[in-house]
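Structure first, then comments.
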Amino acid sequence: MFQFTTISLKKIEKLSYKEFHNKNTGAYVSWLNNDITIINSSGLKSLFTVIEGVFGVTFALITLSTYHWSLTLTAIVMAFIIILAPKIMDRRLQNSNEALTKENEQFVSQVEDVLSGFNFLYALFALPMVTQHVKKASLDLKKANVHLTRTQTIVQIIGFTGNVLSQVLLIGLSGFLALHGFVKIGTLMAVGALSGNVFNNLGNMSTYLGSMRGVKPLFRKYDQLIPSDRLSKEKNTVPLAPSVAAIQALNVSFKYQDKPIIRNFSYTFLAQKKYLILGASGTGKLTLLKLIAGYNTDFTGTLSLFDKNYQDLSQQTILSRILYLDQQPRLLNATVRQNLQLLDHFSEESLAQVLVETNLIQSLADAPQFLEINVGEDGINLSGGQKQRLALARGLLRHDIKIILMDESTSSVDAKTAAKIEADLLTNSNLTVIMVSHTPHQENMKLFDGIIRM
21 MFQFTTISLK
31 KIEKLSYKEF
41 HNKNTGAYVS
51 WLNNDITIIN
61 SSGLKSLFTV
71 IEGVFGVTFA
81 LITLSTYHWS
91 LTLTAIVMAF
101 IIILAPKIMD
111 RRLQNSNEAL
121 TKENEQFVSQ
131 VEDVLSGFNF
141 LYALFALPMV
151 TQHVKKASLD
161 LKKANVHLTR
171 TQTIVQIIGF
181 TGNVLSQVLL
191 IGLSGFLALH
201 GFVKIGTLMA
211 VGALSGNVFN
221 NLGNMSTYLG
231 SMRGVKPLFR
241 KYDQLIPSDR
251 LSKEKNTVPL
261 APSVAAIQAL
271 NVSFKYQDKP
281 IIRNFSYTFL
291 AQKKYLILGA
301 SGTGKLTLLK
311 LIAGYNTDFT
321 GTLSLFDKNY
331 QDLSQQTILS
341 RILYLDQQPR
351 LLNATVRQNL
361 QLLDHFSEES
371 LAQVLVETNL
381 IQSLADAPQF
391 LEINVGEDGI
401 NLSGGQKQRL
411 ALARGLLRHD
421 IKIILMDEST
431 SSVDAKTAAK
441 IEADLLTNSN
451 LTVIMVSHTP
461 HQENMKLFDG
471 IIRM
């Protein structure tokens, strides 16, 4: 089961931005929790019960053959009937399991959604909505559980009926053989005990085999997680030579659900230059940033990174050069050090320096203590400004980053600190900066090399 979970996570690791966001995080949590539990209880445990039953049935059949061959033959024929009969319920069992896993996804998603809104519900005296939403999701989940249990019960009834009829038939056959002198009368007791062993095991096996077949839809969900070629094909990882143009867009257009968001956008962002994108909500500013970051790939036109067409580049190549700073950065429930390093390793000097550069600490001497602070779930132990600066520091540590995309990335920081952080980036001669801001700081306007109005 651990191996199966690992394989599933490996598939999720390789999903592109768009592929991952086809589902919400609640669905993946349900897959890796509720679905794994179902597979474990209905699949893995059933498998070991079936293996145990196979040995018991085999030895009992061998023993029956010592009395008379017809007893063994009859037992084998009935065994096939008992095993195959519940298959008529396979489709219904699979549908029930599929319905349950979908309701599990919905339950986790709805609970996550309503609990994430605790703060504003609390402020507006609307906390009873938490109970309402969770209760409704629970009732839907209960219906799916009841339907699955009812279907499993029918499978058990089929197995039990076959078990009883088979034992009666085998004991009746042994009585017939005894009356005609083929076996001794004492064989009746032995056959009764052995038939109980055979058909009790077979009855249980038919039920457990049905349960095992019922979890097939759960496995198919993971099989459908097929990573895109841009993530999985390492041959697309090509070196990027220095170029005058960092990002070049030529007639780039993008639609969302057939609604045009960007139309025929053309622009050249020169390397090491600084750009400000302005425009009203809904004009495609953030969409453009996500196109440049490589998150959205189904655009038309041509987009190039250091003279290399995006379609020829792997996601790894793009992400290794571009840092997208979200307005609401995500942090791991771990220390500041772990949130900075992730899978890389940086020296204490580098970590301390970047903390000073982003105004997370006042001096290098403060670094050791600050690095060991646990940020809490989604950075709850830090202020909004500290979270944004920590996300920025995480990117600045990685020297391969040549382009920084900022989506209101200092909006949670006080105006003075935000202006300083932005000024530090805008005067960094090694970086290309493309910034979206609704309220740019006037003292920094002269630092931009180009202003784009969407």
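The working numbering puts the first residue of the sequence shown at 21, with every later residue one more than the last. Even glycine gets a Cβ: it sits at the ideal position worked out from N, Cα and C.
**Request:** Evaluate M149 with the Cβ neighbour count: other Cβ atoms within 10 Å of its Cβ, from every protein chain shown; 16 or more gives buried, anything less gives exposed.
**Result:** For the purposes of this step, residue 149 is taken as the residue at position 129 of the sequence shown. Exposed, by the Cβ-count rule.
**Prompt:** Along the chain, which unbroken stretches of the alpha helix (DSSP H) at least 4 residues long are found entirely within the region 379–467?
**Reply:** 387–391, 404–416, 435–446
**Asked** Which residue's Cα is closest to the Cα of V77: I400, K107, M98?
**Response** Taking the sequence shown and counting its residues from 1, one reaches residue 77 at position 57. For the residues I400, K107, M98, the minimum Cα distance to V77 belongs to M98.
**Request:** Put G137 into one of helix, strand or coil per three-state DSSP.
**Result:** Numbered from its first residue, the sequence shown carries residue 137 at position 117. In the structure shown, G137 sits in coil (DSSP, three-state: anything other than H, G, I, E or B).
**Request:** Kindly confirm or deny that the region 359–372 and the region 404–417 touch, where touching means at least three C-beta pairs closer than 8 Å.
**Result:** yes
**Prompt:** Out of curiosity, what's the CA-to-CA distance linking D346 and N284?
**Reply:** Counting from one through the sequence shown, the residue named residue 346 turns up at place 326. Counting from one through the sequence shown, the residue named residue 284 turns up at place 264. Cα-Cα distance, rounded: 25 Å.
**Request:** Could you check if D427 is buried or exposed, using at least 16 other CB atoms within 10 Å of its CB as the buried criterion?
**Result:** Taking the first residue of the sequence shown as 1, we reach residue 427 at position 407. Label assigned to D427: buried.
**Prompt:** Just checking, does the region 336–352 make contact with the region 370–390 on the three C-beta pairs under 8 Å criterion?
**Reply:** no
**Presumed contact (8 Å Cβ cut-off) between T69 and Y228, rounded CB distance** = Here residue 69 corresponds to residue number 49 of the sequence shown, with the count starting at 1. Here residue 228 corresponds to residue number 208 of the sequence shown, with the count starting at 1. Between Y228 and T69 the Cβ distance is about 5 Å, and since that is below 8 Å, they are a contact.
**Prompt:** Is I101 buried or exposed, if buried means 16 or more other CB atoms sit within 10 Å of its CB?
**Reply:** Locating residue 101 in the sequence shown gives position 81, counting from the first residue. It counts as exposed.
**Item:** Pair within 9 Å by beta-carbon distance, F521 and K294
**Value:** Not covered by the structure: residue 521. The range shown for the chain is 21 to 474.
**Request:** Ignore the nearest five residues each way along the sequence and tell me which others in Y330's own chain have a CB closer than 6 Å to its CB.
**Result:** The residue you call residue 330 lines up with position 310 of the sequence shown. Within the same chain, Y330 has close Cβ partners L323.
**Request:** Locate the beta strand (DSSP E) running through K294, then write down its first and last residues.
**Result:** In the sequence shown, residue 294 corresponds to position 274, counting from 1. 294–298 is the span of the beta strand (DSSP E), which, as asked, contains K294.
**Message:** Measuring straight from C-alpha to C-alpha, what distance separates S194 and T57?
**Reply:** Within the sequence shown, numbered from 1, the residue matching residue 194 stands at position 174. Within the sequence shown, numbered from 1, the residue matching residue 57 stands at position 37. About 44 Å.
**Message:** So, at 6 Å on beta carbons, what are the nonlocal neighbours of M465 in its own chain, with the 5 sequence-adjacent residues on each side left out?
**Reply:** As a working mapping, residue 465 is identified with position 445 in the sequence shown. Result list for M465: empty, nothing under 6 Å.
**Message:** I'd like the span of the beta strand (DSSP E) that includes R283, first residue to last.
**Reply:** Here residue 283 refers to the residue found at position 263 when the sequence shown is read from its first residue. Note, R283: beta strand (DSSP E), 279–290.
**Request:** Would you grab the beta carbon distance between T452 and A266 for me? Rounded to a whole angstrom, and I think it's under 8 Å.
**Result:** The residue given as residue 452 occupies position 432 in the sequence shown. The residue given as residue 266 occupies position 246 in the sequence shown. About 4 Å; that satisfies the 8 Å criterion.
**Asked** How is G201 classed by DSSP in three states: helix, strand or coil?
**Response** Looking up residue 201 in the sequence shown gives position 181. Three-state result, G201: coil.
**Request:** Can you grab the Cα-Cα spacing for the pair A210 / S90, in whole Å?
**Result:** Working through the sequence shown from its first residue, we reach residue 210 at position 190. Working through the sequence shown from its first residue, we reach residue 90 at position 70. Roughly 15 Å separates the two Cα atoms.
**Prompt:** If we count the other Cβ atoms within 10 Å of its Cβ and call it buried at 16 or more, is Y276 buried or exposed?
**Reply:** Numbered from its first residue, the sequence shown carries residue 276 at position 256. That one is exposed.
**Request:** Measure the alpha-carbon distance for N221 versus K163 and round it to whole angstroms.
**Result:** Here the question's residue 221 lines up with position 201 in the sequence shown. Here the question's residue 163 lines up with position 143 in the sequence shown. C-alpha separation (whole angstroms): 31 Å.
**Prompt:** Given a threshold of 16 other Cβ atoms within 10 Å of its Cβ, counted over all protein chains shown, does Q389 qualify as buried or as exposed?
**Reply:** Position 369 of the sequence shown, counted from the start, is the residue given in the question as residue 389. Answer is exposed; the Cβ neighbour count stays below 16.
**Asked** Does the beta-carbon of P106 have 16 or more other beta-carbons within 10 angstroms, so that it is buried, or is it exposed?
**Response** Residue mapping note: residue 106 aligns to position 86 of the sequence shown, counting from 1. With 16 or more other Cβ atoms within 10 Å, it is buried.
**Prompt:** To which residues does DSSP link I267 through a beta bridge?
**Reply:** For the purposes of this step, residue 267 is taken as residue 247 along the sequence shown, with counting starting at 1. The partner list for I267 (beta bridge, DSSP) reads F289, L325.
**Prompt:** Going by beta carbon distance, what residues of the same chain come within less than 8 Å of N450, once the five residues before and after it are set aside?
**Reply:** Taking the sequence shown and counting its residues from 1, one reaches residue 450 at position 430. If we look at N450 and ignore the five residues flanking it on each side, its Cβ neighbours are Q292, K422.
**Asked** If you drop the 5 nearest sequence neighbours on each side, which residues of the same chain put their C-beta closer than 6 Å to that of H458?
**Response** Counting from one through the sequence shown, the residue named residue 458 turns up at place 438. None.
**Asked** What is the C-beta distance between G321 and V376, in whole angstroms, given that I count them as a contact (C-beta under 8 Å)?
**Response** Taking the sequence shown and counting its residues from 1, the one referred to as residue 321 is at position 301. Taking the sequence shown and counting its residues from 1, the one referred to as residue 376 is at position 356. In fact, because the Cβ distance is near 42 Å, the residues do not count as touching under 8 Å.
**Three CB pairs or more closer than 8 Å across the region 177–194 and the region 202–219** = yes
**Message:** If you measure between the beta carbons of G314 and L333, is that distance less than 9 Å?
**Reply:** By 1-based counting over the sequence shown, the position of residue 314 is 294. By 1-based counting over the sequence shown, the position of residue 333 is 313. Yes; because the gap between Cβ atoms is below 9 Å, this pair is in contact.
**Message:** Less than 6 Å between C-beta atoms, sequence neighbours within five positions excluded: which residues of the same chain meet that for E254?
**Reply:** In the sequence shown, counting from the first residue as 1, residue 254 sits at position 234. Its pLDDT being 41, under 50, E254 is placed unreliably by the model, and the measurement read from it follows with that caveat. So no residue of the chain qualifies.
**Request:** Can you give me the start and stop residues for the beta strand (DSSP E) that I338 sits inside?
**Result:** Taking the sequence shown and counting its residues from 1, the one referred to as residue 338 is at position 318. Not the beta strand (DSSP E): I338 falls in the alpha helix (DSSP H), residues 335–341.
**Item:** Residue of T173, N379, M455 minimising C-alpha distance to D110
**Value:** The count along the sequence shown starts at 1 and reaches residue 110 at position 90. If we check each option's Cα against that of D110, T173 comes out closest.
**Request:** Determine, using beta carbons only, whether L81 and V184 come nearer to each other than 9 Å.
**Result:** Along the sequence shown, read from residue 1 onward, the residue named residue 81 stands at position 61. Along the sequence shown, read from residue 1 onward, the residue named residue 184 stands at position 164. Against a cut-off of 9 Å, the Cβ pair of V184 and L81 comes out as no contact.
**Message:** Quick check on V166 - is its C-beta less than 9 Å from some C-beta in chain C?
**Reply:** Considering every chain present, this structure includes no chain C. It has just one protein chain.
**Asked** Excluding sequence positions up to five away, which residues of its chain have a Cβ less than 6 Å from the Cβ of H461?
**Response** If you number the sequence shown from 1, residue 461 lands on position 441. These residues qualify, in order along the chain: A439.
**Residue from E463, G206, L113, G405 whose Cα sits closest to the Cα of V166** = Within the sequence shown, residue 166 is the residue found at index 146, counting from 1. Nearest of E463, G206, L113, G405 to V166, Cα basis: L113.
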